[in-house]
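Residue numbers (UniProt numbering): 21 to 260. Note that CB positions come from ideal geometry on N, CA and C, so glycine has one too. If you're wondering where the values come from, they're calculated on a predicted model, not measured in any experiment. Report on the structure given below.
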Ligand code: 16G
């Protein structure tokens, strides 16, 4: 489509224009998520431009994670992760449901007496012990979200009990998360966090605050997350 309008009179900008055209086609879903794009050689022939130019444009889009390179060097349009907001699931469950391997990079974990703000967030009396888990969550090794979870030590006696899934550990210990309140707001990501998430500083993110309750109403987790805006869709079911 747009690519047909490419011409070769400004050779330095050619890959850039191809990149922009592909970007537009992905945005407008002319190239749908998951769709495989033609190979380098075929594109080079079709558009009568060099394979080097094609490779450069594709590389830029792979670096931006709009395209993913699969086994056998096939290149496909990246799929966004869709997460229904009305069901209380864990990050690990969400990723497994999509055939992606959930992973965790530990940034920090510790235990201590709840700070006044934490005690308020969890509805605890000051002085209660909590575990703090700061994690980078990955899917097939790609960073997806940064999360800080705070859990009363009464439900999680040590942060070392968690390898990948916090909710699995809570469930095994008979403290299944049953209900949550979640606040989501759009934001942009700062330098340090951008580096961890592998996006440019100032990239859009979803800031999520979640308070999770047990069946009996006690707060089992307070969590603050930054989800990458470019890979995540949150779906909400509405009734009337
Ligand atoms: C989700 C939750 C987070 C929870 C985590 C547990 C949101 C915004 N956050 O990421 O609060 O700690 O799942 O996942 O949905 P895990 O069981 O894989 O550790």
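Rounded separation between residue i and residue j - CA only
i, j, result
"residue 175", "residue 240", "7 Å"
"residue 37", "residue 133", "56 Å"
"residue 189", "residue 181", "7 Å"
"residue 21", "residue 85", "In this prediction, residue 21 has a pLDDT of 45, which is less than 50 and means its spatial position is unreliable; what the coordinates show is noted afterwards. Approximately 22 Å, taken between the alpha carbons."
"residue 147", "residue 228", "26 Å"
"residue 253", "residue 166", "16 Å"
"residue 195", "residue 177", "12 Å"
"residue 81", "residue 192", "42 Å"
"residue 34", "residue 73", "7 Å"
"residue 127", "residue 145", "27 Å"
"residue 111", "residue 60", "36 Å"
"residue 42", "residue 48", "10 Å"
"residue 238", "residue 109", "18 Å"
"residue 187", "residue 107", "14 Å"
"residue 204", "residue 89", "31 Å"
"residue 200", "residue 75", "46 Å"
"residue 139", "residue 248", "28 Å"
"residue 24", "residue 65", "Residue confidence is low: residue 24 scores 46 on pLDDT, short of 50, so the model does not pin down where it sits. Its coordinate-derived value is still stated next. Straight-line Cα distance between these residues: approximately 12 Å."
"residue 242", "residue 170", "5 Å"
"residue 102", "residue 255", "7 Å"
"residue 78", "residue 68", "16 Å"
"residue 214", "residue 153", "19 Å"
"residue 217", "residue 113", "20 Å"
"residue 70", "residue 50", "23 Å"
"residue 155", "residue 212", "14 Å"
"residue 135", "residue 40", "49 Å"
"residue 143", "residue 137", "10 Å"
Option in the options with minimal Cα separation from residue i
i, options, result
"residue 202", "63, 153, 233, 124", "233"
"residue 250", "37, 46, 58, 117", "46"
"residue 244", "141, 44, 118", "141"
"residue 220", "118, 210, 227, 112", "210"
"residue 150", "172, 230, 71", "172"
"residue 231", "215, 212, 198", "198"
"residue 63", "117, 113, 94", "94"
"residue 130", "255, 179, 89, 70", "179"
"residue 115", "206, 185, 58", "185"
"residue 257", "226, 104, 135", "104"
"residue 262", "213, 77, 246", "The requested residue 262 is not part of the displayed model; the chain covers only 21 to 260."
"residue 263", "137, 236, 208", "Past the edges of the chain, shown from 21 to 260, lies residue 263, and the structure says nothing about it."
"residue 164", "183, 143, 137, 224", "224"
Residues sharing a beta bridge with residue i, DSSP
i, result
"residue 4", "In this structure the chain extends from 21 to 260, so residue 4 is not present and cannot be described."
"residue 252", "101"
"residue 132", "150"
"residue 228", "204, 245"
"residue 239", "233"
"residue 166", "156, 246"
"residue 88", "96"
"residue 124", "157"
"residue 57", "95"
"residue 209", "Residue 209 pairs with nothing; no bridge assigned."
Cutoff 8 Å: residue i Cβ touching any chain C Cβ
i, result
"residue 226", "Absent from the structure is chain C; it holds one protein chain and no more."
Residue i Cβ short of 7 Å to ligand 2 heavy atom set
i, result
"residue 51", "No copy of ligand 2 appears in this structure; the ligands present are ligand 1."
**OP:** Output the residues surrounding ligand 1, defined as those with a CB atom closer than 5 Å to any ligand heavy atom, in chain order.
**Re:** 110, 111, 112, 169, 185, 186, 187, 228, 230, 243, 245
Original post:
Counting Cβ pairs closer than 8 Å, one from the stretch 117-133 and one from the stretch 151-169, do we hit at least three?
Top reply: Pairwise C-beta distances place the stretch 117-133 in contact with the stretch 151-169, as three or more of them are shorter than 8 Å.
Original post:
If we count Cβ pairs, one from each stretch, closer than 8 Å, do we get three or more for the stretch 97-110 versus the stretch 47-57?
Top reply: yes
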